[in-house]
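First the structure, in the form of structure tokens, and then the observations on it.
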Amino acid sequence: MTIQLPPVDPALVEAAARLATADATVRHATLAAQVERANELYYANDAPDLSDAEYDALFRELVALETAHPELITADSPTQRVGGTPTGTFDEVRHGRPMLSLSNAFSHDELRAFDTRVRKGLGLPAPPEPTPELRYVAELKIDGLAISLRYERGRFVQG
């Protein structure tokens, strides 16, 4: 099963589409190895050697390559998995709703795609229809931790 690729700036996809298949294949292998190494250092070793911006740039280029050249998508591509190898320290938990706040947007097109996904998930009209009940808060990304805490009747039950 192939996981749907996240939206990425069309200019990146266009640049990737201009690459010959052989060049795209070589670049894909290089990017996949770089992202895999970064994932291992970040998730398993807690010792990242790339800034978030550097990692995001590599990952977005990899997504653009796979969007332009879908034949390069494999089950072991970093775009088809989340993070690194589980450490076994924590139990696996399935979220009732996706943590959409973890999405990145680096262009107006990516922000519009995020809005479309949120509206669809909430059962709201597609853009450009107004939705007065929908508000966003956007912040600069600062490296840190994302956490989902669940309370039932005011009591902590999962996190």
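Numbering (my numbering), first residue to last: 4 to 162.
For each residue, glycine too, the CB sits at the ideal point set by N, CA and C.
What you are looking at is a predicted structure, and each value in this text was computed from that prediction instead of being measured.
- Message: Please classify F159 as buried or exposed, where buried requires at least 16 other C-beta atoms within 10 Å of its C-beta.
- Response: Along the sequence shown, read from residue 1 onward, the residue named residue 159 stands at position 156. F159 comes out exposed.
- F62, DSSP secondary structure in three states: As a working mapping, residue 62 is identified with position 59 in the sequence shown. Shown here, F62 sits in a helix according to DSSP, grouped into three states.
- Item | Cβ neighbour criterion (16 or more within 10 Å) applied to R156 | Residue numbering aside, residue 156 sits at position 153 when the sequence shown is read from its first letter. Its Cβ having fewer than 16 others within 10 Å, R156 is exposed.
- Residue environment, L65, which counts as buried when at least 16 other CB atoms sit within 10 Å: As a first step, residue 65 is located in the sequence shown; it is residue number 62 there, counting from the start. Result: buried.
- Under 8 angstroms between C-beta atoms, does R122 make it to chain B? The question asks about chain B, but that chain is absent: this structure has only one protein chain.
- Cβ pair P9, D112 closer than 8 angstroms: Walking along the sequence shown from the start, residue 9 turns up at place 6. Walking along the sequence shown from the start, residue 112 turns up at place 109. Against a cut-off of 8 angstroms, the Cβ pair of D112 and P9 comes out as no contact.
- Message: Is the beta carbon of V11 closer than 8 angstroms to that of A67?
- Response: Translated into positions along the sequence shown, residue 67 becomes position 64. Translated into positions along the sequence shown, residue 11 becomes position 8. Yes, these two residues count as a Cβ contact at 8 angstroms.
- Is A116 closer than 8 angstroms to R122 when the C-beta atoms are compared? Translated into positions along the sequence shown, residue 122 becomes position 119. Translated into positions along the sequence shown, residue 116 becomes position 113. R122 places its beta carbon 8 angstroms or farther from that of A116.
- Reduced DSSP secondary structure (H/G/I, E/B, other) of R153: Against the sequence shown, residue 153 aligns to sequence position 150. Strand.
- Taking V160 as part of the beta strand (DSSP E), name the residues at either end of that continuous run. As a first step, residue 160 is located in the sequence shown; it is residue number 157 there, counting from the start. From DSSP, the beta strand (DSSP E) with V160 extends over 158 to 161.
- Query: With burial defined as no fewer than 16 other Cβ atoms inside 10 Å of the residue's Cβ, what is the status of T70: buried or exposed?
  - Reply: Taking the sequence shown and counting its residues from 1, one reaches residue 70 at position 67. Buried, because 16 or more other Cβ atoms sit within 10 Å of the Cβ of T70.
- Message: Measuring alpha carbon to alpha carbon, tell me which residue in F62, S110, A20, F93 is nearest A35.
- Response: Against the sequence shown, residue 35 aligns to sequence position 32. For A35, the nearest C-alpha among the options comes from F62.
- Item | Span separating the alpha-carbon of T28 from that of Q83 | Your numbering for residue 28 matches position 25 in the sequence shown. Your numbering for residue 83 matches position 80 in the sequence shown. About 17 angstroms.
- Skipping 5 residues on each side, what residues in its chain have a beta carbon closer than 6 angstroms to that of A108? By 1-based counting over the sequence shown, the position of residue 108 is 105. Excluding residues within five positions, the ones whose Cβ falls inside 6 angstroms are L114, F117.
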